[in-house]
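Note sheet for the following structure.
Residue numbers (my numbering): 98 to 149.
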């Protein structure tokens, strides 16, 4: 069975899409910019596509 994205990864992606800025997305999610970046990278790896 293939792995599914976590709700956290999806929340990071939605926040990033809304704000179009890693720093602003991180602030809105109350995490660091590197946490958002790592979450998006994991999601890209999981899906096998480049999202940003």
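Think of the CB as a built atom: it goes at the ideal place given N, C-alpha and C, for glycine as much as any other residue.
Close Cβ partners of residue i (< 7 Å) along its chain, the five nearest in sequence each way excluded
i           : result
residue 137 : 109, 110, 113, 148, 149
residue 106 : 136, 139, 140
residue 134 : 119
residue 132 : 123
Local Cβ density within 10 Å of residue i, reported as buried at 16 or more and exposed below that
i           : result
residue 119 : buried
Neighbourhood of residue i by C-beta distance below 6 Å, restricted to the same chain and skipping five residues each side
i           : result
residue 125 : 112
Per-residue DSSP class, three states only, for residue i
i           : result
residue 147 : coil
residue 127 : coil
residue 134 : helix
residue 117 : coil
Whole-number beta carbon distance between residue j and residue i, since they are thought to touch under 8 Å
i           : j           : result
residue 123 : residue 130 : 4 Å
Residues near residue i by beta carbon distance below 8 Å, same chain, minus five either side
i           : result
residue 144 : 102
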